[in-house]
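Q: Residue numbers (the numbering used here): 1 to 103.
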């Protein structure tokens, strides 16, 4: 079963140093496949930015997530499988959703 993201509490997702041919960017590729750029922009007002690099780049690929409350999280893509990455991204979204329901 494909993981689901709670997108309503995310302002921006930035994928830095993205080379689609490297194994280290596998989870970033899968995350981008879960996040449809046009739907996210129109439905949630969320921006998705991909900074693609060439093969000569030695910097590790990262994913930066900015939430509606201003919190920023940075993840190294080679440290997480897609399920763990989605769970880490959603943990703060679930917290914001709970706060929304309480207030």
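We treat Cβ as the ideally placed atom computed from N, Cα and C, and that holds for glycine.
Since the model is a prediction, treat every value here as computed from it, not as a measurement.
Does the separation of the CB atoms of residue 119 and residue 33 fall below 9 Å?
A: Since the first residue shown for the chain is 1 and the last is 103, residue 119 is missing from the structure and cannot be characterised.
Q: Tell me whether residue 51 sits in a helix, a strand or coil according to DSSP, three-state version.
A: Of the three classes helix, strand and coil, the one that applies to residue 51 here is strand, per DSSP.
Q: Identify, in the order they occur along the chain, each residue of the same chain with its Cβ nearer than 6 Å to the Cβ of residue 15, setting aside the five sequence neighbours on each side.
A: If we look at residue 15 and ignore the five residues flanking it on each side, its Cβ neighbours are 28, 50 and 63.
Q: Pick out whichever of 70, 85, 68 and 12 has its Cα sitting closest to the Cα of residue 76.
A: The shortest C-alpha separation from residue 76 is found at 85.
Q: Relative to the C-alpha of residue 41, which candidate in 88, 9 and 57 has its C-alpha closest?
A: Per the Cα distances, 9.
Q: Looking only at DSSP bridge pairs, what is residue 9 linked to?
A: Bridge partners of residue 9: none, in fact.
Q: Sorted by chain position, which residues of the same chain lie with C-beta nearer than 8 Å to residue 21's C-beta, five sequence neighbours on each side aside?
A: Same-chain partners within the cutoff: 55.
Q: So residue 93 and residue 6 are in contact, right, with Cβ under 8 Å, and what is the actual spacing, rounded?
A: Indeed they touch by this definition, with Cβ atoms about 4 Å apart.
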